[in-house]
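Reviewing the structure listed below.
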DNA sequence: AGGACGATTAACT
DNA sequence: GTTAATCGTCCTG
């Protein structure tokens, strides 16, 4: 499938998209549209603009470093599933499992540009307008333990990703992953965080609106 | 059974 | 720049 071609419809990313090296998946998820279908049929979505890669038991920043546990079991499973975990006593985090079944790795979704359902996302965030930040994103989209292990690649999925044009290299930056304060080197400094430049956000969301209209 | 510790956030000085 | 909030998870005993 050519993810760069112009399109008026938005096919979902298939499992094969996730069955690849985690750094490539984290990079290629930028600009893709995360969709959350709620029980009442409401559709919430946003463009992914920040991700981080967590890669295997050797990566001391990855939850898989301590081996397989009940909490991180989804990361060992097949690609294209959600790994949702609870941290800091109050926050949920959304990851997408990558690579082959049996190899523990995932991409953390850290930030979205709201596209559909932005008003509801804002209401859930109190006075704050954005879904930027891995915990805020989960709150805005009502993602919690119920979606741990969720299959993102079946027709009945409640959370999935729709293919959008790839973000071009000039608009992408990398940096060390956030919040790994007690993680030893070299893992602490691996540039495994991928961001769409702020300058490019407006252009991305503008194009998305055009495509939304064209698709109807 | 108890304690340490977060892949964070908001509200401070 | 610092720090409190808050509790599931994992490890120790």
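Numbering (this note's numbering), first residue to last: 21 to 236.
Glycine included, C-beta positions come from ideal geometry on N, C-alpha and C.
Because the structure is a prediction, the values reported are computed rather than measured.
Limits of the unbroken beta strand (DSSP E) element including residue i
i          : result
residue 9  : As shown, the chain starts at 21 and ends at 236. That puts residue 9 outside it, with no answer to give.
residue 84 : Careful: residue 84 lies outside any beta strand (DSSP E) and carries neither H nor E.
residue 54 : 53–57
Residue from the options whose Cα sits closest to the Cα of residue i
i           : options            : result
residue 75  : 212, 201, 111      : 212
residue 178 : 30, 45, 36, 58     : 58
residue 65  : 131, 105, 34, 136  : 136
residue 50  : 215, 180, 140      : 215
residue 224 : 123, 60, 117, 67   : 67
residue 44  : 56, 79, 63, 73     : 73
residue 200 : 209, 194, 192      : 209
residue 126 : 92, 144, 156       : 92
residue 193 : 218, 207, 203      : 218
residue 221 : 38, 37, 203, 70    : 70
residue 123 : 82, 165, 187, 47   : 82
residue 96  : 106, 107, 115, 108 : 115
residue 152 : 129, 139, 203      : 129
Where residue i falls: helix, strand or coil (DSSP)
i           : result
residue 40  : coil
residue 165 : helix
residue 131 : strand
residue 30  : coil
residue 101 : strand
residue 125 : strand
residue 172 : coil
residue 63  : strand
residue 203 : coil
residue 140 : helix
residue 21  : At residue 21 the pLDDT is 49, less than 50, meaning the model places this residue with poor confidence; the figure from the coordinates comes in the next sentence. Residue 21: coil per DSSP, three-state reduction.
residue 49  : coil
residue 177 : coil
residue 225 : helix
residue 195 : strand
Buried versus exposed, by CB contacts within 10 Å (16 or more), residue i
i           : result
residue 174 : exposed
residue 226 : exposed
residue 131 : buried
residue 21  : For residue 21, the predicted model reports a pLDDT of 49, less than 50, meaning its position is unreliable and no value from the coordinates is stated.
residue 118 : buried
residue 103 : buried
residue 42  : buried
residue 154 : buried
Residue i: first and last residue of the uninterrupted alpha helix (DSSP H) it sits in
i           : result
residue 157 : 154–160
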